[in-house]
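In order, the protein sequence lines correspond to chains A and B.
Taking this note's numbering, the leading residue of the first sequence gets 8, the next gets one more, and so forth.
Taking this note's numbering, the leading residue of the second sequence gets 16, the next gets one more, and so forth.
Positions of the beta carbon are idealized from the N, C-alpha and C atoms, including for glycine.
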Amino acid sequence: MLFFAQATALATFTGAITRAIALGCIYAVVALGFVIVFKATQVLNFAHGGIAMAGALFMSIMVNDAGFPFLPFGNPFVNGEDRPGVMVWILLLAIAMAITAGLAMVLERVAIRPMVGQPLFSLAIITLGIEVAISAFNRDAVNTPNARSLEFPWGTNFWEILGANVNHSYLVAVLAAAFSFGVVFFFYRSRLGVAMRAVAFDQEAAMAQGINVGRVFQIAWAIGGALACLGAVVYSMAPFGPQGAVSSDLHPVLAFRALPVIILGGLDSVTGALIGGLVIGSAEVLAGQYLSGYTSFLGVGYQAIVPYVIMLGVLLVRPYGLFGTPEIRRV
Amino acid sequence: MLEISNLEVVYNDVILVLRGLSIPVPDGEVVALLGSNGAGKTTTARAVTGLLGVHEGDVTKGSITWKGQDITHAPPASIVKSGISQVMEGRRCFGELTVDENLATGAFTNRANQKESYDRVMELFPRLAERRDQLAGYMSGGEQQMLAIGRALMSGPELLIMDEPSLGLAPLLVQQVRDVIKEINATGTSILLIEQNAMMALSIANTGYIMENGKIVMDGDAQKLLADDDVKEFYLGLHGNDEDDEDAGRKSFKDVKHYKRKKKWAS
Ligand SMILES: Nc1ncnc2c1ncn2[C@@H]1O[C@H](COP(=O)(O)OP(=O)(O)O)[C@@H](O)[C@H]1O
Ligand SMILES: [Mg+2]
Numbered sequence: 008m009l010f011f012a013q014a015t016a017l018a019t020f021t022g023a024i025t026r027a028i029a030l031g032c033i034y035a036v037v038a039l040g041f042v043i044v045f046k047a048t049q050v051l052n053f054a055h056g057g058i059a060m061a062g063a064l065f066m067s068i069m070v071n072d073a074g075f076p077f078l079p080f081g082n083p084f085v086n087g088e089d090r091p092g093v094m095v096w097i098l099l100l101a102i103a104m105a106i107t108a109g110l111a112m113v114l115e116r117v118a119i120r121p122m123v124g125q126p127l128f129s130l131a132i133i134t135l136g137i138e139v140a141i142s143a144f145n146r147d148a149v150n151t152p153n154a155r156s157l158e159f160p161w162g163t164n165f166w167e168i169l170g171a172n173v174n175h176s177y178l179v180a181v182l183a184a185a186f187s188f189g190v191v192f193f194f195y196r197s198r199l200g201v202a203m204r205a206v207a208f209d210q211e212a213a214m215a216q217g218i219n220v221g222r223v224f225q226i227a228w229a230i231g232g233a234l235a236c237l238g239a240v241v242y243s244m245a246p247f248g249p250q251g252a253v254s255s256d257l258h259p260v261l262a263f264r265a266l267p268v269i270i271l272g273g274l275d276s277v278t279g280a281l282i283g284g285l286v287i288g289s290a291e292v293l294a295g296q297y298l299s300g301y302t303s304f305l306g307v308g309y310q311a312i313v314p315y316v317i318m319l320g321v322l323l324v325r326p327y328g329l330f331g332t333p334e335i336r337r338v
Numbered sequence: 016m017l018e019i020s021n022l023e024v025v026y027n028d029v030i031l032v033l034r035g036l037s038i039p040v041p042d043g044e045v046v047a048l049l050g051s052n053g054a055g056k057t058t059t060a061r062a063v064t065g066l067l068g069v070h071e072g073d074v075t076k077g078s079i080t081w082k083g084q085d086i087t088h089a090p091p092a093s094i095v096k097s098g099i100s101q102v103m104e105g106r107r108c109f110g111e112l113t114v115d116e117n118l119a120t121g122a123f124t125n126r127a128n129q130k131e132s133y134d135r136v137m138e139l140f141p142r143l144a145e146r147r148d149q150l151a152g153y154m155s156g157g158e159q160q161m162l163a164i165g166r167a168l169m170s171g172p173e174l175l176i177m178d179e180p181s182l183g184l185a186p187l188l189v190q191q192v193r194d195v196i197k198e199i200n201a202t203g204t205s206i207l208l209i210e211q212n213a214m215m216a217l218s219i220a221n222t223g224y225i226m227e228n229g230k231i232v233m234d235g236d237a238q239k240l241l242a243d244d245d246v247k248e249f250y251l252g253l254h255g256n257d258e259d260d261e262d263a264g265r266k267s268f269k270d271v272k273h274y275k276r277k278k279k280w281a282s
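Set out below in structure tokens:
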């Protein structure tokens, strides 16, 4: 009897901790895109959630509707009956990420670049405007009668580990984070990446080296867009997203859950995005699993506020986040 | 040959800072641009390297030509590509980048010869070679100045503009910077040396220009300027009081007035 109780406790823990890590990884990916843009351009991109959502929609247009975003012809990779194979699906995801990167670059060029030199506050407000505009577009797109499935090849498959059901999607989330942070790690050591870090540190000195700051901004937005798309797609996986489909519920989560992550980790810290994502994701899952017995007076769904409570706690002690840069560098 | 002619620069559309400035920098020479704080030396450097826009400044009159081309309103990247680079005032190393990465940014427009430039910089500054992987932000002022100069050399410039490279350095390091400038010039690079340390600058320059309130008030052969009583009095007065900044400031102000009076009388 005792053994049985322990076994269930272990199973519960295994289920919770794997789910916590997976959700943490997803948050980290979403936050990373935001951090890259902020670090390079000093712009708080409030449209990140909207861009992410658009990215997931682009993916659904390809795998669910067998089409191409913005283009009138069909998608030869998808036949509408069977799910696409893993390789095809990844190829399509890469295309969706590229299109989202393009969207982010266009937004930067059209709405942000002309405003360079204006107070950063004004720029942040402009991104809010972009967010509202994209959200309207996203809402119209999502509110079609058929659910916009993302046709994840692994669906809801799971492994049974220590008595717990561990979804394949958990592993995918971890791989997505490993890929994102790995790519950023190597990019930051490349010629363009070094230029981007130079721009982040001292824009004028970077210009004096002949670095084209506008181009660096555009690349930062492109990377931010691609990561936003990836984050939104993996967040739509079961059991996180409903049935592995894009839904309008996804959007507010993407827009607001990344906030405690980056504030916890620091707006301009890549490490902070990873640690912040893991802490916030874990806190949310573990609080939902283990505190519910004691906090029933708070009602259902209270775990959603746990990240914000942590965020407030960190802000009190370290206003610039755990890994953020304390001083304001710009003159 | 760099030719600054009759240049007028205005900040924020209202603050007139350069008032008809003319300075030629002949190929292969070291030209010293001297003047006290606020004279407009840094503004001149910004104008030549296309960085006025960052400070809401604009050239409203006059022109800057380089190798016969008008570069007055050219973007910074194309100016660097055309062979002009700058060691900015205050060094401005990228503190979160390593020494090697800082140098790599300097070669951004000069990919083809990055290796050669890098070897040359390492030869010139063995100290940097020892610290290749160190973050620039953790280095001493002298090392950062070496790095800033090395970074500016990475683009393989034909003209190097140096804005107060001796600022804040101990006398021994000032000597080192001086030697380095001579060495760079010896390989054929022209140098526009902006300095408050007139003795150091004139001792290696071919020609000197003294600037006040955005105008050249005196110019000539460096050796002659060095021997000139007015220059000597003004600058020796300034630099004889290095330990006591406040006193130095007062003294220089008085001397500037004295200097102006004489100048008027002379012309
Ligand atoms: N961005 C700016 N906006 C307005 N005025 C400026 C700006 N930068 C410099 N100035 C003014 O221009 C004058 C010349 O400055 P500067 O070129 O830095 O002189 P220097 O390098 O000789 O000390 C100073 O009076 C300074 O206050
Ligand atoms: Mg200056």
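Selected residue, minimal CA-CA separation from residue i, among the options
i: R116 (chain A); options: A:V181, A:G272, A:W228 and A:G283; result: A:W228
i: W7 (chain A); options: A:I317, A:P246, A:G272 and A:I68; result: Chain A is shown only over 8 to 338; residue 7 (chain A) falls outside these bounds and no answer can be derived.
i: Y34 (chain A); options: A:Y242, A:R155 and A:A171; result: A:Y242
i: V260 (chain A); options: A:G40, A:G56 and A:A18; result: A:G56
i: I176 (chain B); options: A:V95, A:G170, A:Q216 and A:I28; result: A:Q216
i: Y195 (chain A); options: A:R26, A:A14, A:I43 and A:A27; result: A:I43
i: G283 (chain A); options: A:L30, A:T19, A:F20 and A:L17; result: A:L30
i: A105 (chain A); options: A:A16, A:G232, A:P333 and A:N52; result: A:G232
i: R120 (chain A); options: A:G320, A:V324 and A:R222; result: A:R222
i: L112 (chain B); options: B:G152, B:F140 and B:A89; result: B:G152
i: A201 (chain B); options: B:E173, B:V189 and B:S78; result: B:E173
i: G77 (chain B); options: B:R193, B:Q129, B:T59 and B:S51; result: B:T59
C-beta neighbour in chain B for residue i, strict 9 Å
i: Q225 (chain A); result: no
i: A213 (chain A); result: yes
i: Q125 (chain A); result: no
i: G217 (chain A); result: yes
i: V201 (chain A); result: yes
i: R26 (chain A); result: no
i: R325 (chain A); result: no
i: R198 (chain A); result: yes
i: L329 (chain A); result: no
Pairwise C-alpha distance: residue j and residue i
i: E71 (chain B); j: C236 (chain A); result: 37 Å
i: L150 (chain B); j: I38 (chain B); result: 37 Å
i: G328 (chain A); j: A220 (chain B); result: 50 Å
i: L99 (chain A); j: P83 (chain A); result: 11 Å
i: R147 (chain B); j: G171 (chain B); result: 20 Å
i: M214 (chain A); j: F208 (chain A); result: 12 Å
i: G255 (chain B); j: N212 (chain B); result: Confidence at G255 (chain B) is low in this model, with a pLDDT of 42, below 50, so the placement of that residue is unreliable and no value is reported for it.
i: A290 (chain A); j: Y297 (chain A); result: 10 Å
i: G105 (chain B); j: D244 (chain B); result: 31 Å
i: T120 (chain B); j: A205 (chain A); result: 7 Å
i: R107 (chain B); j: A212 (chain A); result: 6 Å
i: L162 (chain B); j: G156 (chain B); result: 10 Å
i: W96 (chain A); j: E158 (chain A); result: 8 Å
i: F193 (chain A); j: V201 (chain A); result: 10 Å
Contact list for residue i against chain B, beta-carbon separation under 7 Å
i: A205 (chain A); result: F109, L112 and T120
i: R395 (chain A); result: Not covered by the structure: residue 395 (chain A). The range shown for chain A is 8 to 338.
Chain A contact residues for residue i, given Cβ-Cβ distances below 7 Å
i: M161 (chain B); result: In chain order: nothing, as chain A lies at least about 16 Å away.
i: S170 (chain B); result: G217
i: E116 (chain B); result: V201
is_contact[residue i, chain A] using C-beta, thresh 9 Å
i: K62 (chain B); result: In the sequence on display, residue 62 (chain B) carries Ala and not Lys. No, no contact with chain A.
i: L66 (chain B); result: yes
i: V189 (chain B); result: no
i: F140 (chain B); result: no
i: T124 (chain B); result: yes
i: R265 (chain B); result: The predicted model places R265 (chain B) with a pLDDT of 40, which falls under 50 and marks its position as unreliable, so this point remains unresolved.
i: R166 (chain B); result: yes
Chain-ordered neighbours of residue i on chain B, where CB pairs are closer than 8 Å
i: A208 (chain A); result: The displayed chain sequence assigns Phe, not Ala, to residue 208 (chain A). Under the 8 Å cutoff, chain B gives F109, G110, E111 and L112.
i: P49 (chain A); result: Note on residue identity: the sequence assigns Gln, not Pro, to residue 49 (chain A). Ordered by position in chain B, no residue passes the 8 Å Cβ test against Q49 (chain A), which lies about 14 Å from the chain.
Where residue i meets chain A, residues with beta-carbon distance less than 8 Å
i: V1 (chain B); result: For chain B, the structure presents residues 16 to 282; residue 1 (chain B) sits outside this window and is missing.
Any non-hydrogen atom of ligand 4 within 8 Å of residue i CB
i: I30 (chain B); result: Ligands displayed in this structure: ligand 1 and ligand 2; ligand 4 is not among them.
The segment 263 to 282 of chain A: positions lying closer than 8 Å to chain B by Cβ: none
Within 7 Å of chain A by C-beta, residues of the segment 78 to 108 of chain B in sequence order: P91, A92, V95, K96, Q101, M103 and R107
Members of the segment 28 to 40 of chain B near chain A, C-beta cut-off 7 Å: none
Residues in the segment 91 to 121 of chain A having any Cβ partner in chain B nearer than 7 Å: The segment 91 to 121 of chain A vs chain B, Cβ under 7 Å: nothing.
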